[in-house]
Amino acid sequence: PPPRESLWRPPTQPPLRLGFPDGWPDSFRSCPPLKRLLGGSHLRGSRCRAVEPPSAAELTAAAAAGVVPLPLRSFANATRLAEASVGTSVVRGFCVFERLRDEPSGAERIFVGVRHWWNADATGRWV
Numbered sequence: 001p002p003p004r005e006s007l008w009r010p011p012t013q014p015p016l017r018l019g020f021p022d023g024w025p026d027s028f029r030s031c032p033p034l035k036r037l038l039g040g041s042h043l044r045g046s047r048c049r050a051v052e053p054p055s056a057a058e059l060t061a062a063a064a065a066g067v068v069p070l071p072l073r074s075f076a077n078a079t080r081l082a083e084a085s086v087g088t089s090v091v092r093g094f095c096v097f098e099r100l101r102d103e104p105s106g107a108e109r110i111f112v113g114v115r116h117w118w119n120a121d122a123t124g125r126w127v
């Protein structure tokens with residue numbers, strides 16, 4: 001199997017720069033490395049969405065339900081909000097990022113999947 005890149009970097013090297021995958025959503029069909037990550041034996045993705053950060057209204061509603069989202073705590077945030085809000089469920093999955101590099105455009109693209117949980121509102125929209 002191909003080597004998996006670690007997010008850990010020695011202190012002498014610059015940190016990894018990660019961003020939203022370029023060419024979304026066409027990159028699902030046109031980018032072999034992304035297709036391998038999502039559909040192969042790695043993440044086994046079945047549903048993919050571009051999810052916006054919570055709006056001010058959504059944060060206010062969460063606070064009214066007694067849930068204040070904590071940074072880097074998606075599992076706890078999603079679970080607490082689902083328990084506190086009628087019609088809200090938990091969606092378990094991965095955030096997929098592309099490694100941002102200053103190399104020529106011909107270099108192979110590298111993607112990273114980070115475990116993450118969201119909520120789905122009563123209409124099925126991921127928040």
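First residue of the sequence shown: 1, per the numbering used here; consecutive thereafter.
For every residue, glycine included, the Cβ atom is placed at its ideal position computed from N, Cα and C.
- Per DSSP, A120 is one residue of the beta strand (DSSP E) stretching across F111 to A120.
- Relative to the Cα of C48, the nearest Cα in the group P21, V86 and A107 belongs to P21.
- Residue pairing from DSSP places G19 in a beta bridge opposite E98.
- Rounded to the nearest whole angstrom, the C-alpha separation of T123 and H42 is 29 Å.
- For G106, no alpha helix (DSSP H) encloses it, and the DSSP letter there is neither H nor E.
- Under the three-state reduction of DSSP output, R44 falls in the coil class, being neither helix nor strand.
- Contact between V112 and R99 holds, with the beta-carbon distance rounding to 7 Å and staying under 8 Å.
- Contact between R80 and V90 is ruled out by a C-beta separation of about 10 Å, above the 8 Å threshold.
- Excluding the 5 residues flanking it on each side, G39 has same chain C-beta neighbours closer than 8 Å at G45, in chain order.
- With contacts defined as CB atoms closer than 8 Å, F94 and G19 fail to qualify as a contacting pair.
- A straight line joining the alpha-carbon of A76 with that of P53 spans about 16 Å.
- DSSP lists A120 as the bridge partner or partners of W126.
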